[in-house]
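Undergrad: One structure coming up, written as structure tokens, with questions to follow.
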Amino acid sequence: MGTFDKILTTAAVAMVLGGTVLATASPASAATRNGVCEAGEFCYYFNSNNQGSVSDFTGSVGDYGTRQPSCFDFKGPGAGKGKCIKNAAASVWNRSGKTVRVYFNSNYGGSVYQDFAPGAKGNLKAGLKNQNASHQFGPSSSARVNMSYALYKTGGGYISCGFDGYVHTSGRHEGIDIKRSVGSDVH
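Residue numbers for the sequence shown follow my numbering, beginning at 6 and rising by one.
Next up, the structure:
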């Protein structure tokens with residue numbers, strides 16, 4: 006084996022070993038579900054006024070589960086520790102940098118929900134207290150708005166050709182056309 010081959014082999018081994026070390030190392034900033042409400046987390050409390058056991062999250066959860074050992078549970082010390090959080094939380098503290106929405110139904114559903122801005126602490130409203138089934142970080146930030154019911158609809162206008170997102174393909178429309186009747190006010 007020549008000198009060049011030895012260098013290549015050594016470099017390849019170093020990359021493989023280095024990659025293995027990097028793959029197994031966890032980021033220092035990554036929070037764990039440890040029952041302590043830390044910066045960057047959204048936390049449920051078993052009791053009102055941020056009392057009792059805590060269940061902490063760093064992301065959205067569509068279904069908490071209802072039975073041990075597979076459910077999301079209250080981890081911190083105090084009343085409720087070890088209980089599944091679905092339909093059992095009374096208050097929250099949003100220590101994340103995003104608005105978090107708590108839903109009545111699993112998979113971010115139902116007409117009953119409550120938003121908590123970054124830094125907000127509070128009790129869940131009557132329709133959600135002990136009725137929480139999912140939560141979502143930053144809901145609706147990328148949701149599409151049905152323009153069929155926008156301002157122009159009430160003035161007799163409508164969208165004649167929708168916007169498809171700046172796709173530069175021949176024959177595709179690159180804007181929004183709004184038609185209004187003759188004599189309509191322009192806003």
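For each residue, glycine too, the CB sits at the ideal point set by N, CA and C.
What does the alpha-carbon distance come out to for the pair Val59 and Tyr50?
TA: What you label residue 59 is simply residue 54 of the sequence shown in a count that begins at 1. What you label residue 50 is simply residue 45 of the sequence shown in a count that begins at 1. Using only the alpha carbons, I get a separation of about 5 angstroms.
Undergrad: Quick check: what's the CA-CA separation for Ser116 versus Asn110?
TA: Residue numbering aside, residue 116 sits at position 111 when the sequence shown is read from its first letter. Residue numbering aside, residue 110 sits at position 105 when the sequence shown is read from its first letter. Spanning the two alpha carbons is a distance of roughly 9 angstroms.
Undergrad: Is Lys88 helix, strand or coil when you go by DSSP?
TA: Along the sequence shown, read from residue 1 onward, the residue named residue 88 stands at position 83. Coil, per DSSP.
Undergrad: Going straight from the alpha carbon of Lys80 to that of Ala131, what length do you get?
TA: On the sequence shown, residue 80 is found 75 positions in, with the first residue counted as 1. On the sequence shown, residue 131 is found 126 positions in, with the first residue counted as 1. If I take the Cα positions, the gap works out to 24 angstroms.
Undergrad: In the DSSP assignment, what are the bridge partners of Gln141?
TA: Translated into the one-based positions of the sequence shown, residue 141 becomes position 136. Paired residues: Arg106.
Undergrad: Can you name the residues that DSSP bridges to Asn52?
TA: Position 47 of the sequence shown holds residue 52. Answer is Gln56, bridged to Asn52.
Undergrad: Gly87 to Ser75, Cα distance in whole Å?
TA: Sequence index remark: in the sequence shown, residue 87 carries index 82 (1-based). Sequence index remark: in the sequence shown, residue 75 carries index 70 (1-based). About 12 angstroms.
Undergrad: Measure from the alpha carbon of Gly114 to the alpha carbon of each residue in Asn128, Leu133, Ser96, then state which is nearest.
TA: By one-based count along the sequence shown, residue 114 stands at place 109. Measuring from the Cα of Gly114, the nearest candidate turns out to be Leu133.
Undergrad: Could you tell me the distance, in whole angstroms, from the CA atom of Asp78 to the CA atom of Gly124?
TA: Indexing the sequence shown from 1 puts residue 78 at position 73. Indexing the sequence shown from 1 puts residue 124 at position 119. Each residue's alpha carbon lies about 22 angstroms from the other.
Undergrad: Quick one, which of Trp98, Asp120, Gly83, Gly70 has its alpha-carbon nearest Asn112's?
TA: The count along the sequence shown starts at 1 and reaches residue 112 at position 107. Considering only alpha carbons, the answer is Gly70.
Undergrad: So, is Asn99 buried or exposed, given that buried needs 16 or more other C-beta atoms within 10 angstroms?
TA: Sequence index remark: in the sequence shown, residue 99 carries index 94 (1-based). Asn99 comes out buried.
Undergrad: Quick check on Tyr118: does DSSP put it in helix, strand or coil?
TA: To locate residue 118, count along the sequence shown from 1; it is residue 113. Strand, per DSSP.
Undergrad: In chain order, what residues of the same chain lie with their CB nearer than 6 angstroms to the CB of Gln136, ignoring the 5 residues before and after it?
TA: As a position in the sequence shown, residue 136 is number 131, starting the count at 1. Closer than 6 angstroms at the Cβ level, and outside the excluded window around Gln136, lie Asn92, Phe109.
Undergrad: Inspect the beta-carbon positions of Gly83 and Gly102 and report whether they are closer than 8 angstroms.
TA: For the purposes of this step, residue 83 is identified with residue 78 of the sequence shown, where counting begins at 1. For the purposes of this step, residue 102 is identified with residue 97 of the sequence shown, where counting begins at 1. No, they are not a contact pair.
Undergrad: So Leu129 and Val97 are supposed to be a Cβ contact under 8 angstroms. How far apart are they, rounded?
TA: Position 124 of the sequence shown, counted from the start, is the residue given in the question as residue 129. Position 92 of the sequence shown, counted from the start, is the residue given in the question as residue 97. The pair is a contact, with the Cβ atoms about 7 angstroms apart (cut-off 8 angstroms).
Undergrad: Alpha carbon to alpha carbon, how far is Lys126 from Ser53? Give it in angstroms, no decimals.
TA: In the sequence shown, residue 53 corresponds to position 48, counting from 1. In the sequence shown, residue 126 corresponds to position 121, counting from 1. So the alpha carbons of these two residues sit roughly 11 angstroms apart.
Undergrad: Taking the continuous beta strand (DSSP E) assigned at Val41, which residues delimit it?
TA: Counting from one through the sequence shown, the residue named residue 41 turns up at place 36. Per DSSP, Val41 belongs to no beta strand (DSSP E) and is neither H nor E.
Undergrad: Is Phe62 helix, strand or coil when you go by DSSP?
TA: Translated into the one-based positions of the sequence shown, residue 62 becomes position 57. Strand, per DSSP.
Undergrad: Rounded to a whole number of angstroms, what is the C-alpha to C-alpha distance between Asp61 and Ala138?
TA: For the purposes of this step, residue 61 is taken as residue 56 along the sequence shown, with counting starting at 1. For the purposes of this step, residue 138 is taken as residue 133 along the sequence shown, with counting starting at 1. Going from the Cα of Asp61 to the Cα of Ala138 covers about 15 angstroms.
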